[in-house]
């Protein structure tokens, strides 16, 4: 992504909130930190240094669990540029 195409935390948060109004009440920085913790691909869309990350911070430290509790499993539908398809489980009929 070109440097002039990158977003600030607030711009990325507004993009997320416009697509998912359920997050309108969440602080922009917290929302973006949780999204990046769960979907690291979005870090490339941020302007370098706009997300101040402490050294040693893990996904669990920024509360990814609380984000998942808000049913974010479909958060990236139509939002992620890169899609990962899950393989269908191979089920064979027992005869």
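In this note's numbering, the protein residues as written are 170 to 264. Built from N, CA and C at the ideal position, the CB exists for glycine as well.
Hey, could you find the ends of the alpha helix (DSSP H) residue 201 is sitting in?
197-207
Pairing CB atoms from the segment 212-219 with CB atoms from the segment 193-200, are three or more of them under 8 angstroms?
no
Residue 173 versus residue 181: straight-line alpha-carbon distance, rounded:
14 angstroms
Could you check where the alpha helix (DSSP H) with residue 181 kicks off and where it finishes?
178-188
Cutting at 7 angstroms between CB atoms, please list the residues of its own chain near residue 187, excluding the five before and the five after it.
none
Looking only at its own chain, which residues have a Cβ that is under 6 angstroms from the Cβ of residue 212, when we skip the five neighbours before and after it?
205
Could you pull out every residue in the same chain whose Cβ sits closer than 8 angstroms to the Cβ of residue 193, ignoring the five residues on either side in sequence?
186
Would a C-beta distance cut-off of 8 angstroms place residue 178 and residue 201 closer than the cut-off?
yes
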